[in-house]
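K.L.:
So the sequence lines, in the order shown, correspond to chains F and G.
Reminder that position 127 of the first sequence reads as 129 in this note's numbering, one-by-one numbering, no gaps.
Reminder that position 4 of the second sequence reads as 6 in this note's numbering, one-by-one numbering, no gaps.
All residues carry an ideal CB built from backbone N, CA and C; glycine is no exception.
This structure is in structure tokens; I'll ask about it shortly.
2 protein chains.
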Amino acid sequence: MGLNASFEPHPDLEPLRFLLGTWRGEGAGGYPTIDPFTYGEEMRFEDVGDRYLLYGQSSWTLDGGDPVHFERGFLRPGTDAGSVELTLAHPLGLAEVGEGRVDATTMSIESDRVTRTGTGDAVTALRRRYVVRGDVLTYEIDMAMDETAMTRHLTAELRRTEP
Amino acid sequence: MGLNASFEPHPDLEPLRFLLGTWRGEGAGGYPTIDPFTYGEEMRFEDVGDRYLLYGQSSWTLDGGDPVHFERGFLRPGTDAGSVELTLAHPLGLAEVGEGRVDATTMSIESDRVTRTGTGDAVTALRRRYVVRGDVLTYEIDMAMDETAMTRHLTAELRRTEP
Chain F
3 MGLNASFEPH PDLEPLRFLL GTWRGEGAGG YPTIDPFTYG EEMRFEDVGD
53 RYLLYGQSSW TLDGGDPVHF ERGFLRPGTD AGSVELTLAH PLGLAEVGEG
103 RVDATTMSIE SDRVTRTGTG DAVTALRRRY VVRGDVLTYE IDMAMDETAM
153 TRHLTAELRR TEP
Chain G
3 MGLNASFEPH PDLEPLRFLL GTWRGEGAGG YPTIDPFTYG EEMRFEDVGD
53 RYLLYGQSSW TLDGGDPVHF ERGFLRPGTD AGSVELTLAH PLGLAEVGEG
103 RVDATTMSIE SDRVTRTGTG DAVTALRRRY VVRGDVLTYE IDMAMDETAM
153 TRHLTAELRR TEP
């Protein structure tokens, strides 16, 4: 016994369905305070039959498979058509709340409410943009920190490996 | 290629290792504003070789397996021995940052920084207590909302099904 896998998709999720599935690929990162780096990544957007999607991301070093980063959270429609809300946890001692828009197969989210634990990273805001073209997903993430204004942090290109 | 599954556990995680594994069982919920309910649940604490654990929880109705709730996030040691930090996302439009203590096989966490999306639930704080005895995990979660002071919300008993 567990979660029922046979359900009717929630009609409010229609605008987000282009994201569904498992995506794998590679990305590149940088920031004024760190050396540039590359990573392998798997991302998953999952429908469980309620009015939200489960979102998860895992990334690793390309030369040894060591953990780079994880994100775990949820996407759901907001108040009006095309709006989207994000709640997200990071292992860096950060929790993120974002709001944005979906336009066809592009999703843009601004997270200016980032809270942190006592030892959490000094991130203050994130700006996310995901674009899907067929079975290719590209994204760009900008980040602001206590001492650094909003700056490009990550770009990646992933391919859908499972629906 | 993906995450390397063979790694040395991070020594700082030693105090949290009693949580590791997959746990399944049942719980009961209530709150002044809702009818009492019961649920099935699976919870997982996962080590990926870095200085944090991945935490996830899924719950469902006992009569049909419909989704009840999900939590996705991370636990990591804080600044001093026995301290623990939690970052967590909920599908209810909530993100949570908590801090607490681990004492042998009891973990207590207070989350008084809960942020919400525009349509997020009116939760303001959570108090969590997890106790492991052998292969049995019990927990109690209290919740405060805009209009309701901190009140018992959930209790559950789970058994470890995988290490």
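Would you say F/G80 touches the ligand COA, meaning its beta carbon is less than 7 Å from a heavy atom?
P.N.:
The ligand content of the structure shown is nil, which means the ligand COA is not present either.
K.L.:
Is the stretch 121-141 of chain G in contact with the stretch 147-155 of chain F, if contact means three or more CB pairs nearer than 8 Å?
P.N.:
No, the stretch 121-141 of chain G does not touch the stretch 147-155 of chain F.
K.L.:
Would you say G/F76 faces chain F, with C-beta separation under 8 Å as the test?
P.N.:
As a working mapping, residue 76 of chain G is identified with position 74 in the second sequence. At least one chain F Cβ lies under 8 Å of G/F76.
K.L.:
With 7 Å as the limit, tell me which residues of the stretch 60-74 of chain F have their beta carbon closer than that to any beta carbon of chain G; keep them in chain order.
P.N.:
Going along the stretch 60-74 of chain F in chain order, one finds S60, W62, G66, G67, D68, P69, F72, R74 with a Cβ nearer than 7 Å to chain G.
K.L.:
For G/T81, count the other beta carbons within 10 Å of its own beta carbon; 16 or more makes it buried, fewer makes it exposed. Which is it?
P.N.:
For the purposes of this step, residue 81 of chain G is taken as residue 79 along the second sequence, with counting starting at 1. It is exposed - the Cβ of G/T81 has fewer than 16 other Cβ atoms within 10 Å.
K.L.:
Would you kindly report the start and end of the unbroken beta strand (DSSP E) that includes G/M3?
P.N.:
Here residue 3 of chain G is taken as the residue at index 1 of the second sequence, counted from 1. Run containing G/M3: none; DSSP gives neither H nor E here.
K.L.:
Could you tell me whether the stretch 94-110 of chain F touches the stretch 17-33 of chain G, where touching means 3 or more Cβ pairs closer than 8 Å?
P.N.:
The stretch 94-110 of chain F is not in contact with the stretch 17-33 of chain G.
K.L.:
Return the Cβ separation of G/L88 and G/G67 in integer angstroms, given the expectation that the two are a contact with Cβ distance under 8 Å.
P.N.:
By one-based count along the second sequence, residue 88 of chain G stands at place 86. By one-based count along the second sequence, residue 67 of chain G stands at place 65. Rounded, the Cβ-Cβ distance is 28 Å, inconsistent with contact.
K.L.:
In chain order, which continuous runs of the alpha helix (DSSP H) of length 4 or greater are located wholly inside the stretch 88-120 of chain F?
P.N.:
As far as the stretch 88-120 of chain F is concerned, it has no whole alpha helix (DSSP H) run of at least 4 residues.
K.L.:
Which of helix, strand or coil does DSSP assign to F/F9?
P.N.:
As a working note, residue 9 of chain F is residue 7 in the first sequence. Coil.
K.L.:
By the 10 Å Cβ neighbour count, where 16 or more other Cβ atoms means buried, how is G/E98 classified, buried or exposed?
P.N.:
Indexing the second sequence from 1 puts residue 98 of chain G at position 96. Buried, because 16 or more other Cβ atoms sit within 10 Å of the Cβ of G/E98.
K.L.:
Around the Cβ of G/S61, are there at least 16 other Cβ atoms within 10 angstroms (buried) or fewer (exposed)?
P.N.:
The sequence position of residue 61 of chain G within the second sequence is 59, counting from 1. By the neighbour-count rule (16 or more Cβ atoms within 10 Å), G/S61 is buried.
K.L.:
How about F/M3: is its C-beta nearer than 8 Å to some C-beta of chain G?
P.N.:
Reading the first sequence from its first residue, position 1 is the one you call residue 3 of chain F. Closer than 8 Å to some Cβ of chain G, the Cβ of F/M3 qualifies, so yes.
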